[in-house]
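Asks:
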Amino acid sequence: MIPFLVAVLVLVVVGTLLWKVMAAQAAQAGHDGGPGGMVEDAPTGPTRQASPRRPRRPVAPDDDPEFLRSLDEKIQREDPPSST
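Here the sequence shown stands for residues -26 to -1, 1 to 58, where the numbers follow mature numbering (1 follows the signal peptide of the UniProt record, and there is no 0).
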């Protein structure tokens, strides 16, 4: 049990050190901050506001009222309600 814990601890320490070395090298090389990269001045949260010139669009189709309305109309055209 003890050798296993020592091995896990060594892997965590080595992994952390490698991560820090790689991040420092990427920062020195002027990495653009793509996947796996770091940019020092990059915002850390949603900081950009929606443009006042155009309305903000929903991200997913199921959030888009226009899409949902067209879906409703399509379903009604394909399967009209039956009168009883």
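Each residue gets a CB set at the ideal place from its N, CA and C atoms; glycine is no exception.
(1) So what's Ala(-1) in DSSP terms, helix, strand or just coil?
(2) In the structure shown, what three-state DSSP assignment does Gly11 receive?
(3) Helix, strand or coil for Ala(-20) per DSSP?
(4) Helix or strand or just coil, what does DSSP make of Asp37?
Replies: In this structure, then:
(1) helix
(2) Residue placement at Gly11 is poorly supported in this model, since its pLDDT is 49, which falls under 50; the coordinates are not used for a value here.
(3) helix
(4) helix
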